Amino acid sequence: DFKIDQFQTVLVDELIPYIDANFRTIANQTNRAMAGLSMGGMETKMITLNKPEVFSYYALLSGGTYKPEDIKDKSKVKLIFLSCGSKERPDGVKTAAIALQEAGFNAVSYISEGTAHEFQTWRRSLYELAPLLFKK
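What follows is the structure, encoded as structure tokens:
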């Protein structure tokens, strides 16, 4: 039975070092993002909250929301991107982004019109997210 803490350990202690050793990366927190869709969004949320020293860009695509009080050190977070389809729970995503903005976070929400919990939502969300990553 594979648990979130096991996944977190594999990701942080094995996968990220492997990628940094074998690909051209800028291997630091400032230049690292984590995004997840659907259930992967829940994993992304848990890992980014538990390991803020590893990631600075957070994205949940139909994967829930963050609350300002979830994040202990907002100086480490460069972007929080929240999205979903208009047939999911768009009000929750919009409200969460506004609360994060009011708390001083760079938070962006995106609602994919006419879509639900499906590939087209996530494709559109990635299209909106990608240009926002790794801005100086």
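Everything in the sequence shown is counted per the working numbering, starting at 3 for the first residue and increasing by one.
A virtual CB, placed ideally from N, CA and C, is assigned to each residue, including glycine.
What you are looking at is a predicted structure, and each value in this text was computed from that prediction instead of being measured.
Residue i vs residue j beta-carbon contact at 8 Å
| i | j | result |
| --- | --- | --- |
| Q10 | N52 | yes |
| M44 | G65 | yes |
| T46 | G87 | no |
| V95 | T67 | yes |
| V110 | L81 | yes |
Three-state class that DSSP yields for residue i in the structure shown
| i | result |
| --- | --- |
| A98 | helix |
| G42 | helix |
| Y68 | coil |
| S127 | helix |
Inter-residue Cα distance where the pair is residue i and residue j
| i | j | result |
| --- | --- | --- |
| L63 | L13 | 19 Å |
| G38 | L135 | 14 Å |
| F121 | S58 | 25 Å |
| E102 | S85 | Going by the sequence as given, residue 102 is Leu instead of Glu. C-alpha separation (whole angstroms): 14 Å. |
| P54 | Y112 | 23 Å |
| R91 | N108 | 21 Å |
| K89 | S114 | 9 Å |
| P70 | D22 | 30 Å |
| Y129 | D72 | 26 Å |
| A29 | K74 | 23 Å |
| Q24 | E104 | Here the sequence assigns Asn to residue 24, which means Gln is not the residue at that position. In a straight line, the C-alpha of N24 is about 40 Å away from that of E104. |
| T32 | A98 | 23 Å |
Identified DSSP bridge partners for residue i
| i | result |
| --- | --- |
| M36 | Y60 |
| S88 | According to DSSP, S88 bridges with nothing at all. |
| L13 | For L13, which the question treats as bridged, DSSP gives no partner whatsoever. |
Buried/exposed call for residue i, threshold 16 Cβ in 10 Å
| i | result |
| --- | --- |
| G106 | exposed |
| L17 | exposed |
| I49 | buried |
| A132 | exposed |
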